[in-house]
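> Take this structure, written in structure tokens, and hold onto it; I'll ask about it next.
Protein chains in written order, with this note's numbering: chain B, 12 to 329; chain U, 13 to 250.
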């Protein structure tokens with residue numbers, strides 16, 4: 012049984028991490044990157060408005076570092092504070108980090124180049140002072156001085172550093188820990204902005220619909236991202252269920268997990284159809300909101316069940 | 013002969029039309045060339061009209077700045093001449109309305125702090141007023157006094173022979189030397205306005221610093237013998 016093949020995801024962070032990792036481990040799939048880096052299990056909702064920033068508002072360095080460890084990589088990163096563009100020193104450090112990585116044959120990961128999403132830098136030209144870069148919006152030249160001065164004006168650059176030896180069991184354990192931690196523990200340092208992740212993310216989403224203050228654009232984007240993520244989660248565990256290096260108990264649970272995530276994805280797909288991106292439909296229409304709340308309760312119930320299975324799987328891995 | 017001259021004039025007209033079209037697309041070289049062609053003529057014209065060579069030069073300077081701002085509003089490229097002279101004329105009217113007839117010694121006298129219609133975003137005006145402030149409210153430290161005066165004088169002179177890009181660097185430099193209160197006192201305007209002005213200028217100079225820093229970084233890399241260009245096969249990227 013081969014690996015599931017997917018060629019795109021709404022989680023640009025995972026796509027960009029794939030864009031770096033695959034230059035070292037050629038056989039890696041996007042499904043594996045989504046799973047092992049934890050992006051298949053993410054949900055992060057702004058409790059008032061379901062703001063469009065939700066899917067990318069978290070501690071990237073921390074989350075990416077853990078995720079890359081699961082794939083057997085250490086990384087280096089430079090980030091400025093939210094909405095703060097880099098000083099000349101920070102910028103030249105970042106340029107140097109990117110160039111070192113490209114000189115080693117590995118593209119770098121960067122944020123907000125042509126659009127506030129993640130992408131890859133795969134080339135540079137000192138004479139023209141430009142990078143060659145690709146993100147979900149464009150593939151082209153990016154002036155050195157524009158790095159960290161895109162739409163948001165903040166800098167984030169990450170590069171793959173060293174490779175680590177990891178077994179498939181260790182990789183899976185790391186992914187499960189990331190998923191369970193994300194489901195139960197709030198990953199934000201401050202109460203504001205009111206982002207909620209994991210199970211509480213579903214609750215925040217439901218509350219936002221109840222208050223009828225939902226951003227149509229933000230809601231549509233969040234729905235698309237979470238729906239896409241759960242489709243990947245289903246494929247990830249389907250692939251795990253066929254791995255010979257994993258014990259039978261865990262493979263059996265992985266099969267159940269895959270099915271559950273598939274069902275969650277189906278629920279969320281109803282949201283995606285009701286609130287298509289980017290127009291977003293009418294999330295604050297009382298009838299639409301009522302239906303959306305029912306769907307989210309269904310998805311939340313299944314998500315709670317699936318996290319229990321993940322916890323069980325963790326005990327069987329030891 | 014006559015037909016040759018005619019075709020030369022025709023060529024000139026065609027070239028000018030093309031320059032205007034390019035200038036409208038923000039081509040600064042084309043704009044510079046247009047200005048060079050028209051500047052001398054415009055100066056003579058303004059001088060005749062104002063009977064004051066200093067004022068004439070001043071009017072044209074301002075007209076050039078305004079021209080830059082308004083280049084996009086040019087609808088008919090063939091009307092560049094008419095348009096340019098109209099700006100010159102408007103600038104002249106404005107100056108006369110503000111200050112009436114003024115002597116060669118004080119071409120900026122229309123911009124005394126009492127005047128409410130001050131163009132405080134114009135660095136030439138700021139410089140002029142600052143020069144006056146340095147003279148009327150001398151610093152207790154005579155060396156500081158001289159340095160400040162010389163700095164201002166130096167900037168004023170340099171500004172006249174700088175490209176727009178170079179001028180931006182010096183504008184930033186200038187605004188960093190002066191406190192918002194000093195400038196606010198000069199113009200008797202709200203400090204918040206000055207802060208906005210400073211913030212804009214600081215952004216400009218910040219970007220210039222970044223460019224300089226990148227330039228140095230790239231140079232150092234070259235000196236170390238590191239590669240100057242590398243592009244990975246990006247077919248594996250999704």
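Using N, Cα and C, we set each Cβ at its ideal position, and we do this for glycine too.
Could you tell me which of 188/B, 289/B, 47/B sits nearest to residue 231/B, measuring between CA atoms?
Against the first chain, residue 231/B aligns to sequence position 220. The residue with the shortest Cα to Cα distance from residue 231/B is 289/B.
> May I ask whether a heavy atom of the ligand SAM can be found less than 7 Å away from the beta carbon of residue 297/B?
This structure does not include the ligand SAM; it has no bound ligands of any sort.
> Taking residue 24/B and residue 215/B to be in contact with their CB atoms under 8 Å, please state how far apart those CB atoms are, rounded to whole angstroms.
Taking the first chain and counting its residues from 1, one reaches residue 24/B at position 13. Taking the first chain and counting its residues from 1, one reaches residue 215/B at position 204. Incorrect: roughly 21 Å between the Cβ atoms, too far for contact.
> Give me the subset of the region 30–47 of chain B whose CB atoms are less than 7 Å from a CB atom of chain U, sorted by chain position.
30, 33, 34, 41
> Is residue 207/B near residue 56/B, with beta carbons less than 8 Å apart?
As a first step, residue 207/B is located in the first chain; it is residue number 196 there, counting from the start. As a first step, residue 56/B is located in the first chain; it is residue number 45 there, counting from the start. Closer than 8 Å, so yes.
> Could you spell out the range, first to last residue, of the alpha helix (DSSP H) harbouring residue 285/B?
Residue mapping note: residue 285/B aligns to position 274 of the first chain, counting from 1. Segment 259–285, the alpha helix (DSSP H) holding residue 285/B.
> To test your reading of the DSSP string, which unbroken alpha helix (DSSP H) runs of 4 or more residues are found completely within the region 97–146 of chain B?
99–114
> When DSSP builds the beta bridges, which residues end up paired with residue 170/B?
For the purposes of this step, residue 170/B is identified with residue 159 of the first chain, where counting begins at 1. Its beta-bridge partners are 87/B.
> Got a sec, what are the start and stop residues for the beta strand (DSSP E) residue 208/B sits in?
Along the first chain, one-based indexing puts residue 208/B at 197. Where residue 208/B is concerned, the enclosing beta strand (DSSP E) stretches over 206–208.
> Assuming contact is defined by CB atoms lying nearer than 8 Å, are residue 228/B and residue 63/B in contact in what I supplied?
Position 217 of the first chain holds residue 228/B. Position 52 of the first chain holds residue 63/B. Their beta carbons are under 8 Å apart, which means residue 228/B touches residue 63/B by this criterion.
> Hey, would you say residue 90/B sits closer than 8 Å to residue 240/B, going by beta carbons?
Residue numbering aside, residue 90/B sits at position 79 when the first chain is read from its first letter. Residue numbering aside, residue 240/B sits at position 229 when the first chain is read from its first letter. No. Outside cutoff.
> For residue 186/B and residue 196/B, I'd like the C-alpha separation in whole angstroms.
Here residue 186/B is taken as the residue at index 175 of the first chain, counted from 1. Here residue 196/B is taken as the residue at index 185 of the first chain, counted from 1. Approximately 15 Å, taken between the alpha carbons.
> When you compare each of 162/B, 260/B, 244/B to residue 124/B by their alpha carbons, which one comes out closest?
Within the first chain, the letter at position 113 stands for residue 124/B. It is 162/B.
> Can you tell me where the alpha helix (DSSP H) with residue 229/B in it begins and where it stops?
One-based indexing of the first chain puts residue 229/B at position 218. Unbroken alpha helix (DSSP H) run through residue 229/B: 227–251.
> Does the contact criterion of 3 or more C-beta pairs under 8 Å hold for the region 253–260 of chain B versus the region 67–75 of chain B?
no
> Spell out the partners DSSP gives residue 55/B in its beta bridges.
Numbered from 1 along the first chain, position 44 holds the residue referred to as residue 55/B. 208/B, per the DSSP bridge assignment.
> On the DSSP bridge assignment, give the partners of residue 50/B in chain order.
Here residue 50/B corresponds to residue number 39 of the first chain, with the count starting at 1. Beta-bridge pairing links residue 50/B to no other residue.
> Buried or exposed, going by whether 16 or more other CB atoms sit within 10 Å of the CB of residue 27/U?
As a position in the second chain, residue 27/U is number 15, starting the count at 1. Under this definition residue 27/U is an exposed residue.
> Where does residue 177/B sit, in a helix, a strand or coil, going by DSSP?
One-based indexing of the first chain puts residue 177/B at position 166. Correct three-state label for residue 177/B: coil.
> Does the beta carbon of residue 182/B sit closer than 8 Å to a beta carbon anywhere in chain U?
Numbered from 1 along the first chain, position 171 holds the residue referred to as residue 182/B. For residue 182/B, no Cβ of chain U is located within less than 8 Å of the residue's own Cβ.
> Determine the contact status of residue 316/B and residue 271/B, defining contact as a CB-CB distance below 8 Å.
Reading the first chain from its first residue, position 305 is the one you call residue 316/B. Reading the first chain from its first residue, position 260 is the one you call residue 271/B. Yes, the pair counts as a contact, with Cβ atoms nearer than the cut-off.
> To the nearest angstrom, how far is it from the Cα of residue 6/B to the Cα of residue 299/B?
The requested residue 6/B is not part of the displayed model; chain B covers only 12 to 329.
> Got a sec? Which residues, its chain only, sit under 6 Å from residue 333/B by beta carbon, not counting five neighbours each side?
For chain B, the structure presents residues 12 to 329; residue 333/B sits outside this window and is missing.
> For residue 152/B, write down the residues that DSSP places opposite it in a beta bridge.
Locating residue 152/B in the first chain gives position 141, counting from the first residue. In DSSP, residue 152/B forms a bridge with 143/B.
> Is residue 209/B close to chain U? Criterion is C-beta to C-beta, closer than 8 Å.
By one-based count along the first chain, residue 209/B stands at place 198. Chain U contact via Cβ: absent.
> Throw me the rounded Cβ distance for the residue 17/B and residue 246/B pair, which I believe falls under 8 Å.
The sequence position of residue 17/B within the first chain is 6, counting from 1. The sequence position of residue 246/B within the first chain is 235, counting from 1. Yes, they are in contact, since the Cβ atoms of residue 17/B and residue 246/B sit about 7 Å apart, within 8 Å.
> Compare the C-alpha of residue 49/B against each of 33/B, 37/B, 29/B, 60/B and name the closest.
Stepping through the first chain from its first residue, residue 49/B is reached at position 38. It is 29/B whose Cα lies nearest to the Cα of residue 49/B.
> Can you have a look at residue 88/U and say buried or exposed, based on whether 16 or more other CB atoms are within 10 angstroms of its CB?
Here the question's residue 88/U lines up with position 76 in the second chain. Summary for residue 88/U: the model assigns pLDDT 43, below 50, so the residue's position carries little reliability, and this model does not support an answer.
> Going by DSSP, name the residue or residues bridged to residue 243/U.
Your numbering for residue 243/U matches position 231 in the second chain. According to DSSP, which records beta bridges pairwise, residue 243/U is partnered with 134/B.
> Quick check: what's the CA-CA separation for residue 155/B versus residue 292/B?
Stepping through the first chain from its first residue, residue 155/B is reached at position 144. Stepping through the first chain from its first residue, residue 292/B is reached at position 281. The alpha-carbon atoms of residue 155/B and residue 292/B are separated by roughly 39 Å.
> Quick one, which residues of the region 112–142 of chain B are near chain U if we go by CB-CB under 7 Å, in chain order?
113, 114, 116, 118, 131, 133, 134, 135, 136, 137, 138, 140
> From residue 244/B to residue 210/B, what does the alpha carbon distance come to, in whole angstroms?
The residue you call residue 244/B lines up with position 233 of the first chain. The residue you call residue 210/B lines up with position 199 of the first chain. The alpha-carbon atoms of residue 244/B and residue 210/B are separated by roughly 16 Å.
> Using alpha carbons as the reference points, say which of 85/B, 42/B, 61/B lies closest to residue 35/B.
Sequence index remark: in the first chain, residue 35/B carries index 24 (1-based). The candidate whose alpha carbon is nearest that of residue 35/B is 85/B.
> Does any CB atom of chain U fall closer than 8 Å to the CB of residue 79/B?
The residue you call residue 79/B lines up with position 68 of the first chain. Put simply, the CB of residue 79/B is far from chain U, with every gap to its CB atoms at 8 Å or more.
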